[in-house]
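One structure is given here, and the rest of the page talks about it.
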Amino acid sequence: MSDDLNTLYGGIVNRRVTTRDLQAAKDRGEKWAMLTSYDMLTAQLFDEVGIPVLLVGDSAGNNVLGYDTTVPVTMEDLLPLVRGVVRGTKRPLVVADLPFGSYQESPTQALQNSVRFLQAGAHAVKLEGGRRVLPQVQLLVESGVPVMGHLGLTPQSVNTLGYRVQGRGEAGDQLIDDALALQAAGAFAIVLEVVPADLGERVSKELDIPTIGIGAGPGCDAQVLVWTDMAGLTPKGLKLAKRYADLRAVLGDAARAYADEVRDGQFPGPEHSFT
Ligand code: KIV
Numbered sequence: 000m001s002d003d004l005n006t007l008y009g010g011i012v013n014r015r016v017t018t019r020d021l022q023a024a025k026d027r028g029e030k031w032a033m034l035t036s037y038d039m040l041t042a043q044l045f046d047e048v049g050i051p052v053l054l055v056g057d058s059a060g061n062n063v064l065g066y067d068t069t070v071p072v073t074m075e076d077l078l079p080l081v082r083g084v085v086r087g088t089k090r091p092l093v094v095a096d097l098p099f100g101s102y103q104e105s106p107t108q109a110l111q112n113s114v115r116f117l118q119a120g121a122h123a124v125k126l127e128g129g130r131r132v133l134p135q136v137q138l139l140v141e142s143g144v145p146v147m148g149h150l151g152l153t154p155q156s157v158n159t160l161g162y163r164v165q166g167r168g169e170a171g172d173q174l175i176d177d178a179l180a181l182q183a184a185g186a187f188a189i190v191l192e193v194v195p196a197d198l199g200e201r202v203s204k205e206l207d208i209p210t211i212g213i214g215a216g217p218g219c220d221a222q223v224l225v226w227t228d229m230a231g232l233t234p235k236g237l238k239l240a241k242r243y244a245d246l247r248a249v250l251g252d253a254a255r256a257y258a259d260e261v262r263d264g265q266f267p268g269p270e271h272s273f274t
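Residue numbers (numbering that gives the first Met the number 0): 0 to 274.
What follows is the structure in structure tokens.
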């Protein structure tokens, strides 16, 4: 068995990716891709094609549960999704997103909810915010919970920050201080969402731990996309996401063809019927 994340991309390593693998990839200058996943089938497929990290994001709120924002998402919403993703996979590190209201109150609250995620099979948790959540990050790391940070556009703060580019001008220095503080508290990686590309590169150079960009430019150590954006299932494209397929058209065509064949009496034909 190799410790080399490279071999994981070739589909050779039959073990879970660890936070150490991700650090080793940064140290080698090797980039990697993270995707969200909310269910067993996509998780299984993303494992098969060699995605090393899956995020059970609170973006399930927009992509699975039909909310306009991530704010209404709860632990109870995400726990069954975490179980499905973990059951569907052998190799990816599965990161569970602590939803709004599940960690802000106190470090103890953050620990209790992280324990629920880890006992459901997740290997790490993610939380949004910088220095304001340091006590939480410190307690989680001391307690053996790997923590991924999240800076820049933090969707759980939509009601105070809106959906706008973050970290322009002097706010960029604040963001760097937040990132350094998260690293010092023991975070193993940090998501940078919708910040200027030069800031994404600066943070990635200043930090020892990996940065994972989404709308943060090519200078980040890794990238993350919401899978439904990446595959073109969501109705509208976003500037930060490339659509690598048009799944909306493929699935729509399949559903239409099925309904047409049922109406025409073509399905089920003899090959799909039993004697
Ligand atoms: O919930 C999510 O999908 C996320 C990613 C956008 C990083 O937090």
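In this text, a Cβ means the ideal position worked out from N, Cα and C, and glycines have one as well.
Within the same chain, show all residues whose beta-carbon is closer than 7 angstroms to that of residue i, passing over the 5 residues directly before and after it, in chain order.
i           : result
residue 167 : 195
residue 112 : 74, 97, 101, 102
residue 180 : 129, 130, 133
residue 226 : 34, 35, 36, 41
Taking just the CA atoms, how far does residue j sit from residue i?
i           : j           : result
residue 68  : residue 228 : 16 angstroms
residue 173 : residue 28  : 26 angstroms
residue 70  : residue 59  : 11 angstroms
residue 275 : residue 91  : Because the chain spans 0 through 274 in this model, residue 275 falls outside it and cannot be assessed.
residue 267 : residue 31  : 44 angstroms
residue 51  : residue 264 : 45 angstroms
residue 135 : residue 145 : 12 angstroms
residue 1   : residue 16  : Caution is warranted here: a pLDDT of 46 is assigned to residue 1, below 50, making its placement in the model unreliable, and the coordinate value is therefore given only provisionally. Cα-Cα distance, rounded: 11 angstroms.
residue 255 : residue 249 : 10 angstroms
residue 171 : residue 197 : 10 angstroms
residue 212 : residue 251 : 31 angstroms
residue 77  : residue 274 : 43 angstroms
residue 216 : residue 223 : 11 angstroms
residue 153 : residue 241 : 20 angstroms
residue 95  : residue 253 : 32 angstroms
residue 271 : residue 230 : 30 angstroms
residue 107 : residue 262 : 57 angstroms
residue 104 : residue 164 : 27 angstroms
residue 72  : residue 117 : 18 angstroms
residue 61  : residue 162 : 14 angstroms
residue 232 : residue 49  : 21 angstroms
residue 218 : residue 237 : 20 angstroms
Give every residue of the same chain whose Cβ lies closer than 6 angstroms to the Cβ of residue i, excluding the five residues on either side of it in the sequence, and list them in chain order.
i           : result
residue 88  : 42, 46
residue 209 : 21, 25, 188, 220, 221
residue 142 : 110
residue 11  : At residue 11 the pLDDT is 47, less than 50, meaning the model places this residue with poor confidence; the figure from the coordinates comes in the next sentence. There are no such residues.
residue 99  : 70, 155
residue 93  : 53, 84, 85, 121, 122
residue 243 : 229
residue 137 : 184
Does residue i pass the burial test, meaning 16 or more other C-beta atoms within 10 Å, or should it be called exposed?
i           : result
residue 169 : exposed
residue 40  : exposed
residue 178 : buried
residue 127 : buried
residue 65  : exposed
residue 245 : exposed
residue 277 : No answer is possible for residue 277: the residues shown for the chain start at 0 and end at 274.
residue 259 : exposed
CB-CB under 8 angstroms to residue i, same chain, minus the five flanking residues each way: which ones, in chain order?
i           : result
residue 234 : 247
residue 80  : 37, 38, 55, 59, 63
Is it the case that the Cβ atoms of residue i and residue j are separated by a distance below 8 angstroms?
i           : j           : result
residue 124 : residue 184 : no
residue 214 : residue 239 : yes
residue 175 : residue 202 : yes
residue 182 : residue 160 : no
residue 119 : residue 82  : yes
Any 3 or more C-beta pairs closer than 8 angstroms across the segment 141–149 and the segment 174–191: By the Cβ test, the segment 141–149 is in contact with the segment 174–191, since at least three Cβ pairs between them sit closer than 8 angstroms.
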